[in-house]
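A short worksheet on the structure shown next.
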Amino acid sequence: MWRMAGPGDRSEIAIELRSVSRRFRLHHETRTSFQDWFVGLLRPRGKGEEFWALRDVSFTLRRGESLGVLGRNGAGKSTLLKLVTRVLEPTSGEIIVNGRTHAMLELGAGFHPELSGRDNVYLNGSIYGFSRRQMAERFDRIVQFAELERFIDTPVKHYSLGMFMRLGFSIAVHLDPDILVIDEVLSVGDAAFQRKGYQALRDLKARGTTILFVSHWPELVREFCDRAILLQEGRLIDNGPVDAVAAHYERMLQEQPTDAEILRLRAVDEAGTVLEAVPSGSDLRIEVLLRVPPGSGEGLLLALDLYDREGTHLFGSTGRLADIVSSASEGDPAAQRVQAVIRGLPVAPTTLTVAATLQRPSEAGLAAVDRQETEVEVVAPWSAQERGLLRLEHIWESEPGGTSRGGRAVPRVEIER
Amino acid sequence: MASQAVEIIQYRSLLRNLVAKDLKVRYKNSALGFVWSLLHPLLLMVVFTFVFTQLLDQDTPAFPVFVLTALLPWHWTSTAVTAGTASLVDNAPLINKVYFPRILLPVSAVLSTGANYVLGLPALFLFMALFDRAFTPWLVFVPILVLIQAIFLTAVVLILAPLNVYFRDTTVLVDVGLTAWFFMTPIFYSIEWVVPHLAAWMYRINPMAAIVSEYRVIMYSGGVPDPLFTGRTGVTALVLLVIGYLVFTRLNRNLGEHL
Chain A
1 MWRMAGPGDR SEIAIELRSV SRRFRLHHET RTSFQDWFVG LLRPRGKGEE
51 FWALRDVSFT LRRGESLGVL GRNGAGKSTL LKLVTRVLEP TSGEIIVNGR
101 THAMLELGAG FHPELSGRDN VYLNGSIYGF SRRQMAERFD RIVQFAELER
151 FIDTPVKHYS LGMFMRLGFS IAVHLDPDIL VIDEVLSVGD AAFQRKGYQA
201 LRDLKARGTT ILFVSHWPEL VREFCDRAIL LQEGRLIDNG PVDAVAAHYE
251 RMLQEQPTDA EILRLRAVDE AGTVLEAVPS GSDLRIEVLL RVPPGSGEGL
301 LLALDLYDRE GTHLFGSTGR LADIVSSASE GDPAAQRVQA VIRGLPVAPT
351 TLTVAATLQR PSEAGLAAVD RQETEVEVVA PWSAQERGLL RLEHIWESEP
401 GGTSRGGRAV PRVEIER
Chain B
418 MASQAVEIIQ YRSLLRNLVA KDLKVRYKNS ALGFVWSLLH PLLLMVVFTF
468 VFTQLLDQDT PAFPVFVLTA LLPWHWTSTA VTAGTASLVD NAPLINKVYF
518 PRILLPVSAV LSTGANYVLG LPALFLFMAL FDRAFTPWLV FVPILVLIQA
568 IFLTAVVLIL APLNVYFRDT TVLVDVGLTA WFFMTPIFYS IEWVVPHLAA
618 WMYRINPMAA IVSEYRVIMY SGGVPDPLFT GRTGVTALVL LVIGYLVFTR
668 LNRNLGEHL
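Protein chains in written order, with our numbering: chain A, 1 to 417; chain B, 418 to 676.
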């Protein structure tokens, strides 16, 4: 049962869960069409496999506190968030929420691509129960924070990913929630936006907003949270001060590395030295260090994606891990090193975000196993009169005769063994 | 149930925005957007008029008005049922991310298609003027009929929308069902042409038959609507709404898992 505390309830408790459990029936067992249903009448099947995403979880979160939720993929973190935000109902147990909750489960959820940024601000506000007048009071601050003054009347389908997320984030932090639920929303997007976003969250926290923060990065949880809980296979196995719980989680990760993970991602030169910056037009070498425990490498894919400062997706490439890794290095038998080389990086000076994602095919498409990002500063190689996002190979020609060559920039990706 | 009513009032700006969004998106991509939305019933009017007055030599006077008085409300029914049935599945990404009263999605589908219908009524009045049909004071009953139809359509989509989540081929059945329903409703024929003992049953089991006949009495015949008959249709619609609401709340519970 989900229950909102009454307006007269002045208790110090923001969120309380009392032995909450949530069961799912596995999807391939449910009938999703009348056709299946009729077939089922003729040939009855079992009741369907059950799966408990959360089992008997209890904890309380006091006002103004921030609680980190740690756990591996599939430990029940997302289910917990969906229960707290009422997207799902618990199978048993009770959830009490005291105050206005805002969930940042996905930035820009509910934006309609055909509508302008302005219309979407009002539409999004009303999804969270805000009236037109309440949104009008906040409108200027939202637009200013998102740095979208010039584009606010443009349909959001023309926005870059970065603009889209800035607007979604800005709306979320300006709705003055009593309780903010965050699911690693900031782990995508460009670095400048991330810094600004984290600062905004710190401000909200300083103003006494209760925060429920889900992450599988213990460092982030340490930075943002006072307390943490640790979930494993749907059960709450630790609850206490953030340092103790985060340490517990890290021990757990080291003890039983059951799935592949990305250990390190960075830009390097040919000798393997880390680079903070690369000149536009020269080769970009990206090194990914992976840990693939025996037996977990089956079907794994490694995706590399490049984003510019605005969050524009510049390039992405996916390879089958089995084809691209050379095994064994640095003593750890499961550690593997992959390098991707982009010849003559055809990108104009910007802050490049490089994302590496380990994926595995699942029923719902591709499931991310692990993801890491790093930043590379792309700098101008020489003072050329060039503008725009790309550096294209070009030649100035004039009559009669005489040519002068511009920068060489042939996009080409090679993956080295 | 009372707390749910309070909640819906609290979210009324969402309902308004959802309706506004539907209308804006529908009309946005072309200057003629609104005209296009009228094209479907007007085209059917032309086809039926040709078939019945030229091919079949029917002698119903002012046949275009006769058929349009029924085609416009029918168009509302068919667009509302289609959009309403798909409303939950279409908004699955939103439903899985944010809590809000989901009942607003099918309701907004009925209201935005209804706004479209009301905005199209001047076209009907134009044809009434062209074909010299009487504008009687009984036209004040039209808003009551619109309200009854809105209640009835809400009841229908409250059942179909969650059903479509559990059985994704509901939309296919709804498509077929709408075609059958169209023929079983006195749209291109009059209820008076129906064998009498079946006409009574038509009114009983198909509220659209009653609603369409009432529109026609007022706007085509210039007659007086029967208040008892209208009242009975209204009560039927309200009873169906309560049933639809109960079905919706029941099926809504596990919706998140299936979307």
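Where is the CB? At the ideal position from N, CA and C, for every residue including glycine.
Every value quoted in this text rests on a predicted model; they were computed, and no experiment measured them.
Rounded to whole angstroms, the separation of the alpha carbons of isoleucine 622(B) and glutamate 233(A) is 53 Å. Proximity of the stretch 245-264 of chain A to the stretch 102-117 of chain A falls short of the contact definition, fewer than three beta-carbon pairs being nearer than 8 Å.
In terms of beta-carbon proximity, histidine 112(A) lines the interface with chain B, with at least one pair separated by less than 9 Å. Here the stretch 529-536 of chain B makes no contact with the stretch 590-608 of chain B; the two share fewer than three CB pairs at distances below 8 Å. A contact between stretches requires three or more CB pairs, one per stretch, nearer than 8 Å, and the stretch 158-169 of chain A meets this requirement with the stretch 304-322 of chain A. Interface with chain A (9 Å Cβ-Cβ cutoff): serine 430(B) is included. With a contact defined as Cβ atoms closer than 8 Å, leucine 358(A) and leucine 304(A) miss out at about 11 Å. Contact note: phenylalanine 34(A) reaches chain B through Phe584, Asp586, Thr587, Leu590, using a C-beta cutoff of 8 Å and chain order. In this structure, the CA atom of tryptophan 493(B) is about 16 Å from the CA atom of alanine 597(B).
Put simply, the backbone Cα of arginine 649(B) is about 11 Å away from that of isoleucine 628(B). Scanning its chain for C-beta atoms nearer than 8 Å, with the 5 sequence neighbours on each side dropped, one finds around aspartate 153(A) the residues Ser116, Gly117, Arg118, in chain order.
Of the other Cβ atoms in all chains shown, fewer than 16 fall within 10 Å of the Cβ of isoleucine 395(A); this residue is therefore exposed. Between proline 349(A) and serine 280(A), the C-beta spacing is below 9 Å. For a Cβ distance threshold of 8 Å, residue set Phe24, Arg25, Leu88 of chain A lies close to glutamate 674(B), ordered along the chain. Spatial neighbours of alanine 277(A) in its own chain (CB-CB distance under 6 Å, excluding positions within 5 residues in sequence) are listed in chain order as Glu377, Val379. Every unbroken stretch of the alpha helix (DSSP H) spanning 4 or more residues and falling wholly within the stretch 179-226 of chain A is given here in chain order: 191-206, 218-224.
When Phe542(B), Pro624(B), Val593(B), Phe552(B) are compared, the shortest CA-CA separation from proline 603(B) is found for Pro624(B). Residues of chain B with a Cβ closer than 8 Å to the Cβ of threonine 85(A) are, in chain order, Val515, Tyr516. Scanning chain B for C-beta atoms nearer than 7 Å to the C-beta of isoleucine 127(A) yields Leu431, Val515, Phe517, reported in chain order.
Here histidine 313(A) is bridged, per DSSP, to Tyr307(A).
When beta bridges are read from the DSSP output, glutamine 421(B) appears opposite no residue. Taking the Cα positions, leucine 431(B) is about 46 Å away from arginine 391(A).
The C-beta distance from tyrosine 583(B) to histidine 675(B) rounds to 6 Å, short enough to fall under 8 Å.
Rounded to whole angstroms, the separation of the alpha carbons of phenylalanine 558(B) and isoleucine 635(B) is 8 Å.
Put simply, the CB of aspartate 269(A) is far from chain B, with every gap to its CB atoms at 9 Å or more.
Interface with chain B (9 Å Cβ-Cβ cutoff): alanine 109(A) is included. Neighbourhood of tyrosine 122(A) in chain B, by CB distance below 7 Å: Asn434, in chain order. Nearest CB-CB separation between arginine 138(A) and chain B: not below the 9 Å threshold.
In the three-state reduction of the DSSP assignment, arginine 63(A) falls in the coil class.
Counting of Cβ neighbours within 10 angstroms places valine 69(A) among the buried residues, the total reaching 16 or more. Contact between the stretch 471-488 of chain B and the stretch 567-578 of chain B is absent: fewer than 3 CB-CB pairs across the two stretches fall below 8 Å. Residue-level contact check: leucine 511(B) touches chain A, since one or more beta carbons of chain A fall below 9 Å from its beta carbon. Scanning the stretch 62-105 of chain A for uninterrupted alpha helix (DSSP H) segments of 4 residues or longer gives 77-84, listed from N- to C-terminal end. Under the 10 Å beta carbon count, asparagine 124(A) is surrounded by 16 or more other beta carbons and is classified as buried. When Cβ-Cβ separations below 9 Å define contact, glutamine 427(B) makes contact with chain A.
Taking threonine 353(A) as reference, the option from Val338(A), Trp217(A), Gln194(A), Gly272(A) with the minimal CA-CA separation is Gln194(A).
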